[in-house]
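The structure appears right after this line, and notes come after that.
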Amino acid sequence: MEKPMDTRSGNYAAPLLVVGCVVFGLGSLIVKFVDVGSYAIAFWRLLIAAPIFFLLGRFFRQKMPTKRKTVGYAILSGVFLAFDLALWHESIHAVGPGISTLLNSLQIFFLAAIGFFFYSERLSTLQILSLILATIGVALIGSPEFGHNDNAAWGFVSGVVSGAMLALSMVFVRKTHEQEKVGLFPLMMILSFGGAMALIIPSLLFDAAHLYPKTFNDVILVSIYGIVMQCFAWALIAYAIPLLSLSLTGLLLLSEPVAAMLIDYFWLDKPINTVQWSGATLTLLAIYLGSLKNKK
Numbered sequence: 001m002e003k004p005m006d007t008r009s010g011n012y013a014a015p016l017l018v019v020g021c022v023v024f025g026l027g028s029l030i031v032k033f034v035d036v037g038s039y040a041i042a043f044w045r046l047l048i049a050a051p052i053f054f055l056l057g058r059f060f061r062q063k064m065p066t067k068r069k070t071v072g073y074a075i076l077s078g079v080f081l082a083f084d085l086a087l088w089h090e091s092i093h094a095v096g097p098g099i100s101t102l103l104n105s106l107q108i109f110f111l112a113a114i115g116f117f118f119y120s121e122r123l124s125t126l127q128i129l130s131l132i133l134a135t136i137g138v139a140l141i142g143s144p145e146f147g148h149n150d151n152a153a154w155g156f157v158s159g160v161v162s163g164a165m166l167a168l169s170m171v172f173v174r175k176t177h178e179q180e181k182v183g184l185f186p187l188m189m190i191l192s193f194g195g196a197m198a199l200i201i202p203s204l205l206f207d208a209a210h211l212y213p214k215t216f217n218d219v220i221l222v223s224i225y226g227i228v229m230q231c232f233a234w235a236l237i238a239y240a241i242p243l244l245s246l247s248l249t250g251l252l253l254l255s256e257p258v259a260a261m262l263i264d265y266f267w268l269d270k271p272i273n274t275v276q277w278s279g280a281t282l283t284l285l286a287i288y289l290g291s292l293k294n295k296k
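Using full-length UniProt numbering, the letters of the sequence shown map in sequence onto residues 1 to 296.
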């Protein structure tokens, strides 16, 4: 069984992971209220983060990768992350932060599918059960939404596809490390810069009227989105995960969609009925069970 590291830092890993996930989820509020397009705000988030990761890499003396393939895989990971963010933003605008974040969390099932088809990883009974539960849960969430929200179809499609893009981004992070050992900050710098470059044309095409923040308040919020959500929150998550067991990690990562749904319901006054809460609970259970797939 995989055990957490028995260190003083490991004692703080669980609360740090929860804080990172909750802060990450709070980024959906910025997306919801700032008048910047879905692709454009993803571009700014990644562009702001790239030089910060570069400076952190220099400060901690982490070396840049030397192999061309390593850089290429890191860039591809950034491209998929860029479209994950953009489509997640689209879903936020269509169905709200809670449902969109829950749909994005389905990336674990896309990772299982990629492992099955490309890495010959067999699906366990637990994984198959979790997939069935997730399907039922999403259906319960979606059925009332389609009855009163004209944007529900696009919100669900973009949310689920964003999860697929996130899974592919993670796969290419794995392939990056297969080439050579890369420090966290150089990897994230290349990833963020590559993702930002990939979003230039989509931002100009789809968000020409909402390309950049027009007020000082929006500039501050977009900056916070890049610095706090992309750098600070992600760093907390990346720091904490290796210090915890896989089962506990899977459970704590659910704090992000839970926080987003609570924000949706109590802060944004989004109507979420009993059927949808039941579906959300079932989906969260499925995601947690799916996170146990690698436990030995």
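Every residue gets a Cβ at the ideal spot worked out from N, C-alpha and C, and that includes glycine. Since we're looking at a predicted model, the values are computed, not measured.
In its own chain, which residues sit with a C-beta less than 7 Å from the C-beta of residue i, not counting the 5 before and 5 after it?
i	result
A235	none
S130	A286, L289 and G290
L111	A167 and M170
V19	L236
A233	G20, V23 and F24
Y239	L16
L191	A74, S77, G78 and L81
I227	I48 and I52
T101	G25, S28, E256, P257 and A260
Measure the beta-carbon distance from residue i to residue j and round it to whole angstroms, keeping in mind my assumption that it falls under 8 Å.
i	j	result
G279	I108	That pair is no contact at about 17 Å.
H148	D35	Actually they are not in contact, since the Cβ atoms of H148 and D35 sit about 25 Å apart, beyond 8 Å.
G57	P186	5 Å
Q276	I141	5 Å
L30	I224	Position check: residue 30 holds Ile in this sequence, whereas Leu was assumed. Indeed, because the Cβ distance is near 7 Å, the residues count as touching under 8 Å.
A134	L106	6 Å
W88	G159	7 Å
A74	L243	Between L243 and A74 the Cβ distance is about 24 Å, and since that is not below 8 Å, they are no contact.
M165	A50	Their Cβ separation, rounded to whole angstroms, is 19 Å, which puts M165 and A50 out of contact at 8 Å.
Quick one: what does DSSP say residue i is sitting in, helix, strand or coil?
i	result
K270	coil
P15	helix
Q62	coil
G155	helix
Y225	helix
L133	helix
D207	coil
D264	helix
Y212	coil
D218	helix
K175	helix
E145	helix
E256	helix
R122	coil
L289	helix
Count the other C-beta atoms from every protein chain shown that fall within 10 angstroms of the C-beta of residue i, then say buried if there are 16 or more, exposed otherwise.
i	result
F193	buried
P257	buried
L16	buried
Y39	buried
R68	exposed
F172	buried
I132	exposed
F53	buried
A86	buried
T176	buried
T281	exposed
A198	buried
I272	buried
T249	buried
L204	exposed
From which residue to which residue does the alpha helix (DSSP H) around residue i run?
i	result
I241	Run containing I241: none; DSSP gives neither H nor E here.
A74	R68 to V95
F232	Run containing F232: none; DSSP gives neither H nor E here.
G194	L184 to A198
G37	Element bounds for G37: n/a, residue is neither H nor E.
L111	Q107 to F118
Would you check whether the ligand NAP has a heavy atom nearer than 7 Å to the C-beta of residue i?
i	result
A286	Ligands are entirely absent from the displayed structure, and the ligand NAP is therefore not among its contents.
Suppose the cutoff is 6 Å on Cβ atoms and the five residues either side in sequence are ignored; what does the same chain contact list for residue i look like?
i	result
L81	S169 and G195
F156	G142
A259	V22 and G25
G96	D264 and K270
D218	V34
A139	none
E178	none
Looking only at its own chain, which residues have a Cβ that is under 8 Å from the Cβ of residue i, when we skip the five neighbours before and after it?
i	result
I200	F43
F116	R122 and L123
E180	P65, T66, K67 and T70
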